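Participant: Take the sequence shown: its position 187, counted from the start at 1, is 187 in this note's numbering, and no numbers get skipped. I'd like to ask you about the structure that follows.
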Amino acid sequence: MAMILTLGSASAQGNYLVKPGDTLRIEILEDTSLNRQVLVLPDGNVSFPMAGTIRASGKSTEQIARTISSKVASNFAVQPTIYVSVAEVYASRKEVREQPDEMVTVYLVGEVNTPGPKEVEPGTTFLQLLSQSGGFTKFAATKRLQLRRTAADGRQSLFKVNYKAISQGAMVTSDPVLVPGDVILVPERRLFE
1 MAMILTLGSA SAQGNYLVKP GDTLRIEILE DTSLNRQVLV LPDGNVSFPM
51 AGTIRASGKS TEQIARTISS KVASNFAVQP TIYVSVAEVY ASRKEVREQP
101 DEMVTVYLVG EVNTPGPKEV EPGTTFLQLL SQSGGFTKFA ATKRLQLRRT
151 AADGRQSLFK VNYKAISQGA MVTSDPVLVP GDVILVPERR LFE
């Protein structure tokens, strides 16, 4: 089980090195429609529109802001002003022992309103977790939802779900039960999608 902590002062954030499971708030003054919170995935990366995948783990918020700025600069007439802050700090099971062990930790990432690690009851399914996501952002590609699972031997599985079709009445042929470490990804919509 894990716990989410809020990181306090700005000076604390300046010295803090981001870890997998943390949630970052990214703001671009020149285009507020891009502002969002993103989850640092277990591999240490985050995804951001126009910048793609960025390494965040082990870096300060200032370093991440500089990286994003350099990657998105060609899309702006002037150098964009980017702020990155730690919205939530993820404390691992080793750091927090007071929580009961019966919950399952999964990760919700991408174009959802409340990304981050989620603690769910054993037996919770993919679609049930989506009901806890706070809804999709306006950039969500709901036809291409993904459940990414890594087995104990390191093999990865990918399940794809067309949520848009299900929401329009299509039959649900598979609603996988979530296991610890599952990553549910809601990708960003493509240009004409």
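No residue lacks a Cβ here, since even glycine has one placed at the ideal position from N, Cα and C. Computed from a prediction, not measured in an experiment: that's the story for all the values here.
1. Roughly how many angstroms separate the alpha carbons of Met171 and Val161, rounded to a whole number?
2. Taking the DSSP output, what are the residues bridged to Ala140?
3. Would Arg144 and Pro187 be called neighbours here (beta carbons separated by less than 7 Å)?
4. Got a sec, what are the start and stop residues for the alpha helix (DSSP H) Thr61 sits in?
5. Assuming contact is defined by CB atoms lying nearer than 7 Å, are Thr81 and Leu29 in contact in what I supplied?
6. Which residue from Gly52, Val38, Asp175 and Asn75 puts its Cα closest to that of Ser85?
7. Exposed or buried, which one is Leu147 when buried takes at least 16 other CB atoms within 10 Å?
8. From this set, Gly134, Lys138 and Leu185, which residue's C-alpha is nearest Leu158's C-alpha?
9. Is it buried or exposed, Lys118, if we count other Cβ atoms within 10 angstroms and call 16 or more buried?
10. Under the rule that 16 or more other beta-carbon atoms within 10 Å means buried, what is Asp210, buried or exposed?
11. Leaving aside the five residues before and after Ala51 along the sequence, list all residues of the same chain whose C-beta is less than 7 Å from its C-beta, in chain order.
Facilitator: Looking at the coordinates:
1. 11 Å
2. Glu188
3. yes
4. Thr61 to Val72
5. yes
6. Val38
7. buried
8. Leu185
9. buried
10. One cannot answer for residue 210 here, as it falls past the ends of the chain, which runs 1 to 193.
11. Ile68, Lys71 and Val72
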